[in-house]
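S.K.: Protein chains in written order, with this note's numbering: chain S, 1398 to 1637; chain P, 1398 to 1637.
C-beta: ideal position from N, C-alpha, C; glycine also.
If you want it as structure tokens, here you go:
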């Protein structure tokens, strides 16, 4: 496995991705990793390394800009708010990441998927909503609200949502609205609920159960296994 | 793999199980399979064979009685209704099956799990609700309503519910009530929603989408993979 920081651009803005390449594989599918509200950090780096161990090129893209870093355990509302308020710009920024991943030399550009944590979960769903030609997307403790940009767009990517039932950011009403949206768009979607998990269940430093945020070892392990199994399926189908 | 029909009893009632033993394994965990409303049939026999291929003793138990068989594609309300109306008797009948499985010579009696289809899904949840010492239970397109027998009983079995979002027998309100019940009982529960699947998604002969019942190849395959992965986890933890 080799790990590299690489820059790319969205218009004038310089962005920095962390890319992990698998060993002994000349060409491989790519899996984007979209970061949580604190920006691209350790959690995303761990994810791309694990993806490379599965034989994929793991590409942790960047929404905020090279060097922009939040506080891993603090409030990052100031970073996320502008993007949550302008989902069209967010989509353009995300697509720059997709294009960057497709352009990598060892990537099979026909086999690209995306996973995202928290804010990144919303991001990968937005990519799917836009009709992006992705094999699949996985949201891990992300919010599910539609961006309203193209409500009738057919979704071609398969979707998997890994959700903690005790996550206060994604209450039952939001699950319902999402299910109805997916039905309307005729999407191939799955929802995997972890009954005892709160928000941020994959983040080892999340320890604020009083705010509904806490690491959960079971949900972390199970959601990763489900994600790995999902990626195996979507890439196998893509190349059939 | 060897397949055998074996009889056992619940009081005076003679029951018949279909048991599949794995090859080259002297002692193995047991996985009960509880049948859908039509009684123990082809689907359950396929399931125990697949379980034996995974290295488990697959035990398709019997609720209705030896020789009592419904119509695989017809209405079996007359068979299911008495049991749905008397969940205490149902629980006793199910426990006879658990005891039978534990008593089998090649079964590790400390490692027993249960899966069930439709009516059988309700049955395995009832076993869990009773505090039965099972490693895990999986409901596949089963209904989720509590039996009210022991509402405060702690659930020790891990639970996985495989659910088709378009299943009219398990509407969203039932999902919510179940989630609240599981939270109250402090259970380790997971729900895997298959967005495009209806009721009976594992049954190849189910072809009545107008009644919300239809086979779904994706949900069938994915729910089986999730079940296999779940069994691996619950038996590994049990023996640690």
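Report the residue from 1557/S, 1486/S, 1442/S and 1605/S whose alpha carbon sits nearest the alpha carbon of residue 1544/S.
M.R.: For the purposes of this step, residue 1544/S is identified with residue 147 of the first chain, where counting begins at 1. The shortest Cα separation from residue 1544/S among 1557/S, 1486/S, 1442/S and 1605/S belongs to 1486/S.
S.K.: Can you tell me where the alpha helix (DSSP H) with residue 1603/S in it begins and where it stops?
M.R.: Translated into positions along the first chain, residue 1603/S becomes position 206. Where residue 1603/S is concerned, there is no enclosing alpha helix (DSSP H), given that its DSSP letter is neither H nor E.
S.K.: Let me know the alpha helix (DSSP H) ranges lying completely inside the stretch 1423-1471 of chain P, each 4 residues or longer, listed in chain order.
M.R.: Correct list: 1439-1450.
S.K.: For residue 1595/S, I'd like the list of residues in its chain whose CB is within less than 6 Å of its CB, leaving aside the five on either flank, ordered along the chain.
M.R.: Locating residue 1595/S in the first chain gives position 198, counting from the first residue. Answer for residue 1595/S: 1561, 1563, 1564, 1609, 1610 and 1611, listed in chain order.
S.K.: If you run the structure through DSSP and keep just helix, strand and coil, what is residue 1630/P?
M.R.: For the purposes of this step, residue 1630/P is taken as the residue at position 233 of the second chain. Note: residue 1630/P maps to helix in three-state DSSP.
S.K.: According to the Cβ coordinates, are residue 1541/P and residue 1567/P closer than 8 Å?
M.R.: Locating residue 1541/P in the second chain gives position 144, where the first residue counts as 1. Locating residue 1567/P in the second chain gives position 170, where the first residue counts as 1. Cβ distance < 8 Å, so residue 1541/P and residue 1567/P count as in contact.
S.K.: If you drop the 5 nearest sequence neighbours on each side, which residues of the same chain put their C-beta closer than 8 Å to that of residue 1404/P?
M.R.: Counted from its first residue, the second chain places residue 1404/P at position 7. Counting only Cβ-Cβ distances below 8 Å, and skipping sequence neighbours, we find 1411, 1412, 1413, 1414 and 1463.
S.K.: Which of the three DSSP states, helix, strand or coil, is assigned to residue 1570/S?
M.R.: For the purposes of this step, residue 1570/S is taken as the residue at position 173 of the first chain. Here residue 1570/S sits in helix by DSSP.
S.K.: Of all the alpha helix (DSSP H) runs that stay within the bounds of the stretch 1462-1536 of chain P, which reach a length of 4 or more residues?
M.R.: Qualifying alpha helix (DSSP H) stretches, in chain order: 1474-1482, 1484-1500 and 1516-1526.
S.K.: Would you kindly report the start and end of the unbroken beta strand (DSSP E) that includes residue 1587/P?
M.R.: Sequence index remark: in the second chain, residue 1587/P carries index 190 (1-based). 1586-1591 is the extent of the beta strand (DSSP E) around residue 1587/P.
S.K.: Report the neighbours of residue 1400/S on chain P: residues whose CB is nearer than 7 Å to its CB, in chain order.
M.R.: Here the question's residue 1400/S lines up with position 3 in the first chain. By Cβ distance, chain P contributes nothing, its closest Cβ being about 29 Å from residue 1400/S, past 7 Å.
S.K.: When DSSP labels each residue in this structure, what does residue 1597/P get in the three-state scheme?
M.R.: Residue mapping note: residue 1597/P aligns to position 200 of the second chain, counting from 1. The answer is coil: DSSP assigns residue 1597/P none of H, G, I, E or B.
S.K.: For the beta strand (DSSP E) containing residue 1545/P, list its first residue and its last residue.
M.R.: Here residue 1545/P refers to the residue found at position 148 when the second chain is read from its first residue. Looking at the DSSP string, residue 1545/P is not in any beta strand (DSSP E), and its letter there is neither H nor E.
S.K.: Got a sec: is the Cβ-Cβ distance from residue 1496/P to anything in chain S below 8 Å?
M.R.: Here residue 1496/P refers to the residue found at position 99 of the second chain. It does not: the Cβ of residue 1496/P has no partner Cβ on chain S nearer than 8 Å.
S.K.: Can you tell me where the beta strand (DSSP E) holding residue 1405/S begins and where it ends?
M.R.: Counting from 1 along the first chain, the entry for residue 1405/S is found at position 8. 1399-1407 is the span of the beta strand (DSSP E), which, as asked, contains residue 1405/S.
S.K.: Name the chain S residues whose beta carbon is nearer than 7 Å to that of residue 1610/P?
M.R.: By 1-based counting over the second chain, the position of residue 1610/P is 213. The premise fails here: residue 1610/P is roughly 17 Å from chain S at the closest Cβ pair, so nothing lies under 7 Å.
S.K.: Express the C-alpha separation of residue 1427/P and residue 1453/P in angstroms, rounding to a whole number.
M.R.: Stepping through the second chain from its first residue, residue 1453/P is reached at position 56. Stepping through the second chain from its first residue, residue 1427/P is reached at position 30. Going from the Cα of residue 1453/P to the Cα of residue 1427/P covers about 6 Å.
S.K.: Since residue 1557/S and residue 1533/S are thought to touch, with beta carbons under 8 Å apart, how far apart are those beta carbons, to the nearest angstrom?
M.R.: As a working note, residue 1557/S is residue 160 in the first chain. As a working note, residue 1533/S is residue 136 in the first chain. Contact flag correct, Cβ pair sits at about 7 Å.
S.K.: For the structure I just gave you, are there three or more beta carbon pairs, one from the stretch 1589-1605 of chain P and one from the stretch 1579-1598 of chain S, closer than 8 Å?
M.R.: Segments in contact, yes.
S.K.: Return yes when the Cβ of residue 1494/S is within less than 8 Å of the Cβ of residue 1552/S, no when it is not.
M.R.: Here residue 1552/S refers to the residue found at position 155 when the first chain is read from its first residue. Here residue 1494/S refers to the residue found at position 97 when the first chain is read from its first residue. Contact flag unset, no.
S.K.: Do you know offhand how far residue 1530/S's Cα is from residue 1467/P's?
M.R.: Translated into positions along the first chain, residue 1530/S becomes position 133. Translated into positions along the second chain, residue 1467/P becomes position 70. Distance between the alpha carbons of residue 1530/S and residue 1467/P is about 47 Å.
S.K.: Is the shortest distance between the beta-carbon of residue 1622/S and the beta-carbons of chain P less than 8 Å?
M.R.: For this step, residue 1622/S is matched to residue 225 along the first chain. Yes, its Cβ sits closer than 8 Å to a Cβ of chain P.
S.K.: Would you be able to state if there are at least three C-beta pairs under 8 Å between the stretch 1619-1627 of chain P and the stretch 1416-1423 of chain P?
M.R.: As far as the Cβ criterion goes, the stretch 1416-1423 of chain P does not touch the stretch 1619-1627 of chain P, which means the pair count is below three.
S.K.: Quick one, are the C-beta atoms of residue 1511/S and residue 1431/S less than 8 Å apart?
M.R.: Taking the first chain and counting its residues from 1, the one referred to as residue 1511/S is at position 114. Taking the first chain and counting its residues from 1, the one referred to as residue 1431/S is at position 34. Cβ distance < 8 Å, so residue 1511/S and residue 1431/S count as in contact.
S.K.: Please report the straight-line C-alpha distance between residue 1445/P and residue 1605/P, rounded to a whole angstrom.
M.R.: For the purposes of this step, residue 1445/P is taken as residue 48 along the second chain, with counting starting at 1. For the purposes of this step, residue 1605/P is taken as residue 208 along the second chain, with counting starting at 1. If I take the Cα positions, the gap works out to 26 Å.
S.K.: Between the stretch 1574-1593 of chain S and chain P, which residues of the former have CB atoms less than 9 Å from a CB of the latter, in chain order?
M.R.: The residues in question are 1576, 1579, 1580, 1583, 1584, 1585, 1586, 1587, 1588, 1589, 1590, 1591, 1592 and 1593.
S.K.: Could you give the residue range of the beta strand (DSSP E) that holds residue 1539/P?
M.R.: Taking the second chain and counting its residues from 1, the one referred to as residue 1539/P is at position 142. Looking at the DSSP string, residue 1539/P is not in any beta strand (DSSP E), and its letter there is neither H nor E.
S.K.: Look at the alpha carbon of residue 1602/S and the alpha carbon of residue 1448/S, and state the distance between them as a whole number of angstroms.
M.R.: One-based indexing of the first chain puts residue 1602/S at position 205. One-based indexing of the first chain puts residue 1448/S at position 51. Roughly 21 Å separates the two Cα atoms.
S.K.: Considering just the uninterrupted stretch of the beta strand (DSSP E) at residue 1414/S, what are its terminal residues?
M.R.: Along the first chain, one-based indexing puts residue 1414/S at 17. Counting along the chain, the beta strand (DSSP E) containing residue 1414/S begins and ends at 1410-1418.
S.K.: At the level of alpha carbons, what is the spacing between residue 1503/S and residue 1490/S?
M.R.: Numbered from 1 along the first chain, position 106 holds the residue referred to as residue 1503/S. Numbered from 1 along the first chain, position 93 holds the residue referred to as residue 1490/S. Taking the straight line from one Cα to the other gives about 23 Å.
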